[in-house]
Structure formats: C-alpha cells, structure tokens
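S.K.: Quick note on numbering: the sequence shown equals residues 281 to 688 in the working numbering. C-beta: ideal position from N, C-alpha, C; glycine also. My questions will all concern the structure given below.
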Amino acid sequence: MKLAIYHNLPSGGGKRALYEMTKRLAVRHTLDVYTLSTAEHDFCDVRPLVRSHTVLPFQPLPLGKPPFGRLNQGIRAVDLLRLEAVQRRIAAQIDAAGYDVVFVHNCRFSQSPGLLKFLRTPTVYYCQEPPRQLYEPAAQRPYLQFSRAQRLGNLVDPLPLLYRRTLAALDRRNVKAASLILVNSAFSRESLFRVYGVSARVCYLGVDIRVFQPLSLPKERFVLSVGALIANKGFDFVMQALSLIDRTERPKLIVVSNHVDPREQRYLAELARALAVEVEFQQMIGDHELVTLYNRAAATVYAPVMEPFGFVPLESMACATPVVGVFEGGVRESVASNVTGVLVQRDPVEFADAIHRVCSNPTWAQELGKNGVAHVHRHWTWEATQKGIEDALTYGSGARSRRLGSCS
Numbered sequence: 281m282k283l284a285i286y287h288n289l290p291s292g293g294g295k296r297a298l299y300e301m302t303k304r305l306a307v308r309h310t311l312d313v314y315t316l317s318t319a320e321h322d323f324c325d326v327r328p329l330v331r332s333h334t335v336l337p338f339q340p341l342p343l344g345k346p347p348f349g350r351l352n353q354g355i356r357a358v359d360l361l362r363l364e365a366v367q368r369r370i371a372a373q374i375d376a377a378g379y380d381v382v383f384v385h386n387c388r389f390s391q392s393p394g395l396l397k398f399l400r401t402p403t404v405y406y407c408q409e410p411p412r413q414l415y416e417p418a419a420q421r422p423y424l425q426f427s428r429a430q431r432l433g434n435l436v437d438p439l440p441l442l443y444r445r446t447l448a449a450l451d452r453r454n455v456k457a458a459s460l461i462l463v464n465s466a467f468s469r470e471s472l473f474r475v476y477g478v479s480a481r482v483c484y485l486g487v488d489i490r491v492f493q494p495l496s497l498p499k500e501r502f503v504l505s506v507g508a509l510i511a512n513k514g515f516d517f518v519m520q521a522l523s524l525i526d527r528t529e530r531p532k533l534i535v536v537s538n539h540v541d542p543r544e545q546r547y548l549a550e551l552a553r554a555l556a557v558e559v560e561f562q563q564m565i566g567d568h569e570l571v572t573l574y575n576r577a578a579a580t581v582y583a584p585v586m587e588p589f590g591f592v593p594l595e596s597m598a599c600a601t602p603v604v605g606v607f608e609g610g611v612r613e614s615v616a617s618n619v620t621g622v623l624v625q626r627d628p629v630e631f632a633d634a635i636h637r638v639c640s641n642p643t644w645a646q647e648l649g650k651n652g653v654a655h656v657h658r659h660w661t662w663e664a665t666q667k668g669i670e671d672a673l674t675y676g677s678g679a680r681s682r683r684l685g686s687c688s
C-alpha cells in the first residue's frame, strides 16, 4: 500500500510506538511522513525509514508573563485555530498525492489532529488517549494552588473556559471524522466510548525484545520507576509507600524521565527528604542504560494515575524484573498479578507490602521475572502489534464512508 503518516508528537511513548510501527510498515509498504516543526524529530527518528518526510512550519504564539499571564489561555485558543489552517493545508497535500490510507497519530496541542476532518482519503487514527485534562480531575499540588485573589479572578475570567471549550469541540469533531480508530487497551476503548460515544478497535502495543532483555546481572537494593516527571505519574504515591517500609529494609528509588517539570521535581525532592526516602533522578538516558537499570533493579514500581497503557511494565518484564503496580488503567491488561508481578489497590500500605514481599523474597522475584519474559515473548512483541496495524490499515483503506461497529 501507499501510506501517508501524520504526527505532531513530542518525545515519549507515543513517538516510540510510531517509530516501531513505521520500521515494520516500511518493509512492505511505501511510506511518506507529514509532520510539523513542533514535533520531536530526533527521538526515535523515523526519517531514515520513509520515502519522504515533509515538515510544515508552525510556531505557537509566545505566552505572556506576569502580570499578563491571564491572557495565556486565550493565546492557546488562538493557536488551536491557527493550527486548523495548517492542518487543512496538510490534508490538501495528502489528498492530492493519492494515498490508499492515512495513518494518523496524536498532536501535542490538540490531541486529535484537525486534518482528520479535512481529509477525503480514508484514515486510521491511533488514539493513545483523549485530552485527559478536559475530562479528569487535576492532580493536587502546592505549586498548582491559587491565591485568594487568583481564585476571585478565575470566577470572572472567560479565557480558560474559552480554551477548554475550543479544544473539546475541535477534539470531538476530529475523532468522529476518523474512518477507523485504534486504541492501546480495552481500558482506552472504554474511555473513548464514554468521552466521544465512538467504537474503537484494540491494537496492543509491544516491546522490542531484542533491546529489552535479561542480562543476568545481580539484583541490587533499589526499585526503579520510569516516566515523565509530571504530577499524574504517581511518584509521590511510590515515595509514600516506600516510607512505610522499615528503614533497615527500605530500597532506594531511582526515577528515570525523558521529560521533567522542574516544579514537580522540586516537590518530589522535598517530599523524599520529609519521608526519609532515598531517591535519585536521572534524565534522558539511552536504551542501553535503561535496560541495565531494569536488570539491576529489585523491582519496577509503577503507579501512574489511570494510565491508558504504559510501556514501562512491558520493558521491565522483558528484562526479567517483576512489576509492582496499581490495579487500574491499562496495566491490568499487561501484568499478570502474582505471575509476572504484583498489582494492588491504590493504597500506600498495600503497595508498600507488595514492594517488601518482592524485594525480600529473591527466589519468588526471580520466578516472577522468568514468567515475565515468557509472557512478553508470547503476547507483547511488536510483530504481534504489526499484524493488527496492517489488518486495520487494509480495512481502513476501504472505509471511505464506513464506520466500524462492534470491535474486539
């Protein structure tokens, strides 16, 4: 097939998924990528994999600084409308090139890209998640609290509501325009139905088992947590749980991130000091260093709030390291509790007990790790993902006006 791919992704799991899919699609299909200058191009670089890589310029308007910060939500709303014009131009270019189908990925600004509603060519949209800031409560943090004067100003400020309504309206129209929607978990499929009233097909992501693999390294007295250093990744919960383990047995926590909110890092560093939890923050490390850390860790601790999918549990299991996670979101579909790891409720006492049980019983931990490797090799490879992607693209190429009904 002749395929166009669109994305405006930052670094992270979404871009890694795009890279792995593109690498395999390129073996059998002709691929052209369309993207924006605001996307992350160097991380998981797809340029060597495709026939052409078209980058259209887009630059968000500069945001105001105090005392003009209240204008920022209005500026962001204007950017969404400016972005619509760029998306329309991209759609026209794609339609003129005669592709069989367009494989669409998320936009870092609008979540669902606007070109979905402008394209006449059939589309398959891989939706990693809805814009969660619109539909879920915000994390509670001291640095996010408003002063009394700010709260009073918020009551009469129309711009935040304008931005949220603009984003929600555009996002809903974009999603509903897709010929076929793919999601990363059954949890995500349910989320999309609740938010948009649309059906989607689950196409699980995978892990590169040639990169993430056991190295037979001795386990050390630390636990590993991986993810963007932002409020909803649950690192504070992990620290609270670790603080409940006796200090003589409490493992060190290593946090690895590709994106860091400095406010969150300061908050977590202060929390760790208050709880007497030893923590080490590492940023932007390569795959080799990450695989080594997975292999050395006694366990991987995973507690993001309602994470739709998550590569971290798969990477950890592929490296024969058990996962201690919270029983919510997509991790319920990837980790087999008491087989490849331990899943518990979002309760610090239960989480602390699970960490302690894994770390204090190396024989059991080794068994969990061995099971994890077999589990990933059987169910969670990119080759399995690729079959689902190719089936969806073939289906989508004939879905110019067809809407997917019941999905599995």
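Measure the beta-carbon distance from residue 356 to residue 443 and round it to whole angstroms, keeping in mind my assumption that it falls under 8 Å.
M.R.: Their Cβ separation, rounded to whole angstroms, is 5 Å, which keeps residue 356 and residue 443 in contact under 8 Å.
S.K.: So, residue 536 versus residue 497, is the Cβ gap smaller than 8 Å?
M.R.: No, these two residues do not count as a Cβ contact at 8 Å.
S.K.: Looking only at its chain, what residues have a beta carbon closer than 8 Å to the beta carbon of residue 354, apart from the 5 residues adjacent to it on each side?
M.R.: Once the five neighbours on either side are set aside, the close Cβ partners of residue 354 are 439, 442, 443.
S.K.: Between which residues of its own chain and residue 400 is the CB-CB distance below 6 Å, once the five residues before and five after are set aside?
M.R.: Cβ within range, chain order: 375.
S.K.: Mind checking which residues open and close the beta strand (DSSP E) that includes residue 575?
M.R.: First-last for residue 575: 567-576, but that is the alpha helix (DSSP H), not the beta strand (DSSP E).
S.K.: What does the Cβ neighbour count give for residue 363, buried or exposed, with the cut at 16 atoms within 10 Å?
M.R.: Burial call: buried.
S.K.: Do residue 502 and residue 532 come within 8 Å of each other at the CB atom, strictly closer than that value?
M.R.: Yes. Within cutoff.
S.K.: Quick one: what's got a C-beta closer than 6 Å to residue 303's C-beta in the same chain, skipping five residues either side?
M.R.: Correct list, in chain order: 329.
S.K.: Could you tell me how far apart the beta carbons of residue 515 and residue 505 are, in whole angstroms, since I believe they sit closer than 8 Å?
M.R.: So it is a contact: roughly 6 Å between Cβ atoms.
S.K.: Do residue 593 and residue 649 have their C-beta atoms within less than 8 Å of each other?
M.R.: No, they are not a contact pair.
S.K.: Quick one: does the C-beta of residue 539 sit closer than 7 Å to a heavy atom of the ligand SAM?
M.R.: The model depicted lacks the ligand SAM and carries no ligand whatsoever.
S.K.: Name the two residues that bound the continuous alpha helix (DSSP H) containing residue 516.
M.R.: Per DSSP, residue 516 belongs to the alpha helix (DSSP H) from 515-522.
S.K.: Take residue 567 and list the residues in its own chain whose beta-carbon comes closer than 7 Å to its own, dropping the five residues that flank it on each side.
M.R.: 491.
S.K.: Taking the runs of the beta strand (DSSP E) that are 3 residues or longer, which of them lie wholly in the segment 297-343?
M.R.: Whole beta strand (DSSP E) segments, 3+ residues: 310-316, 332-336.
S.K.: Residue 468 and residue 323 look like a contact to me (Cβ under 8 Å); what is the Cβ gap, rounded to whole Å?
M.R.: Not confirmed; about 23 Å, so no contact.
S.K.: Note down, one range per segment and in chain order, each alpha helix (DSSP H) of at least 4 residues found wholly within the segment 438-490.
M.R.: Listed in chain order, the complete alpha helix (DSSP H) runs (minimum 4 residues) inside the segment 438-490 are 439-457, 466-476.
S.K.: Whether or not the segment 605-622 and the segment 649-659 are in contact is what I'm after, with contact meaning three or more pairs of Cβ atoms, one per stretch, closer than 8 Å; do they touch?
M.R.: Because the criterion of three Cβ pairs below 8 Å is met, the segment 649-659 and the segment 605-622 touch.
S.K.: Only counting the same chain, and skipping five residues up and downstream in sequence, which positions put a Cβ closer than 7 Å to that of residue 513?
M.R.: 507, 584, listed in sequence order.
S.K.: Quick one: Cα of residue 288 to Cα of residue 311, how far?
M.R.: One C-alpha to the other measures close to 17 Å.
S.K.: Would you decide whether residue 298 is buried or exposed? Buried here means 16 or more other CB atoms lie within 10 Å of its CB.
M.R.: By the neighbour-count rule (16 or more Cβ atoms within 10 Å), residue 298 is buried.
S.K.: Please report the residue range of the alpha helix (DSSP H) in which residue 544 lies.
M.R.: Where residue 544 is concerned, the enclosing alpha helix (DSSP H) stretches over 542-555.
S.K.: Can you grab the Cα-Cα spacing for the pair residue 352 / residue 296, in whole Å?
M.R.: Answer to the nearest angstrom: the Cα atoms are 30 Å apart.
S.K.: Would you check if there are 3 or more beta carbon pairs closer than 8 Å linking the segment 453-464 to the segment 411-419?
M.R.: In short, these stretches do not touch, since the Cβ pair count stays below three.
S.K.: Using CA atoms only, rank isn't needed, just tell me which of 407, 472, 542, 395 is closest to residue 450.
M.R.: Ranking 407, 472, 542, 395 by Cα distance to residue 450 puts 395 first.
S.K.: Counting only runs that start and end within the segment 334-415, where is the alpha helix (DSSP H) found for 4 or more residues in a row?
M.R.: As far as the segment 334-415 is concerned, its whole alpha helix (DSSP H) runs of at least 4 residues are 352-377, 395-398, 412-415.
S.K.: From the DSSP output, in three-state form, read off residue 631 for me.
M.R.: Looking at residue 631 - three-state DSSP - the assignment turns out to be helix.
S.K.: Who are the near neighbours of residue 666 in its chain, counting only those whose CB is closer than 6 Å to its CB and skipping five residues on each side?
M.R.: Cβ neighbours of residue 666 beyond the five flanking positions: 304.
S.K.: Could you pull the start and end residues of the beta strand (DSSP E) that residue 563 belongs to?
M.R.: That run of the beta strand (DSSP E) goes 559-563.
S.K.: Could you tell me if residue 390 is buried or exposed, where buried requires 16 or more neighbouring beta carbons within 10 angstroms of its beta carbon?
M.R.: Burial call: buried.
S.K.: Under 8 Å between the Cβ atoms of residue 673 and residue 381?
M.R.: Going by C-beta atoms, residue 673 is nearer than 8 Å to residue 381.
S.K.: Have a look at 559, 300, 338, 636 and flag the residue whose alpha-carbon is nearest the alpha-carbon of residue 327.
M.R.: Looking at the Cα atoms, 300 is the closest of the given residues.
S.K.: For residue 643, does the count of other Cβ atoms within 10 angstroms reach 16, so buried, or fall short, so exposed?
M.R.: Label assigned to residue 643: exposed.
S.K.: Determine the extent of the alpha helix (DSSP H) in which residue 509 is found, giving its start and end residues.
M.R.: Residue 509 -> no alpha helix (DSSP H), and no H or E assigned at all.
S.K.: If you follow the beta strand (DSSP E) that residue 605 is in, where does it begin and where does it stop?
M.R.: Counting along the chain, the beta strand (DSSP E) containing residue 605 begins and ends at 603-606.
S.K.: Considering residue 287, what are the terminal residues of the beta strand (DSSP E) in which it resides?
M.R.: Note, residue 287: beta strand (DSSP E), 282-288.
S.K.: Kindly list the residues whose CB is nearer than 7 Å to the CB of residue 294, restricted to its own chain and excluding five residues on each side of it in sequence; keep chain order.
M.R.: For residue 294, where only same-chain residues beyond five positions count, the Cβ hits under 7 Å are 385, 386, 408.
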